[in-house]
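The structure appears below as structure tokens.
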Amino acid sequence: MSATLRERLVLERYGSSTYAKVFLPAGSLPLGKSVPVTVEVGGRRFKTRGWSFTSGAGVTLPLRIVRELGLHPGQMVDLTLVD
3 MSATLRERLV
13 LERYGSSTYA
23 KVFLPAGSLP
33 LGKSVPVTVE
43 VGGRRFKTRG
53 WSFTSGAGVT
63 LPLRIVRELG
73 LHPGQMVDLT
83 LVD
């Protein structure tokens, strides 16, 4: 699997933690609650976890990488699913 998608970056808070997420179209990842995936954003490649259901999919981005790349909530990002 290798696909580049342009999607919006979302920050979500759960308690005292903040997560950076990119929601993807359904079928972008294999079905599952915790799918290991390698992504590339802004020239940075890293392993992370994704999720996929029949209604949609998404990946969680490390907050430190989001900060290093200077990304902000609502920004459209080019995300490549490497594997």
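Terminal number for the sequence shown in this note's numbering: 85, no gaps in between. Yeah, the Cβ is synthetic: ideal placement off N, Cα and C, and Gly gets one too.
Straight-line gap, residue i to residue j (C-alpha atoms, nearest Å)
| i | j | result |
| --- | --- | --- |
| residue 41 | residue 83 | 5 Å |
| residue 26 | residue 62 | 11 Å |
| residue 23 | residue 5 | 17 Å |
| residue 8 | residue 71 | 16 Å |
| residue 37 | residue 49 | 10 Å |
Buried versus exposed call for residue i [16 or more other C-beta atoms within 10 Å across all chains shown]
| i | result |
| --- | --- |
| residue 59 | buried |
| residue 30 | buried |
| residue 11 | buried |
| residue 33 | exposed |
Beta-carbon spacing of residue i, residue j below 9 Å
| i | j | result |
| --- | --- | --- |
| residue 51 | residue 39 | yes |
| residue 21 | residue 65 | yes |
| residue 85 | residue 43 | no |
Would you say the region 71-78 touches the region 50-59, given that touching needs at least three Cβ pairs under 8 Å?
no
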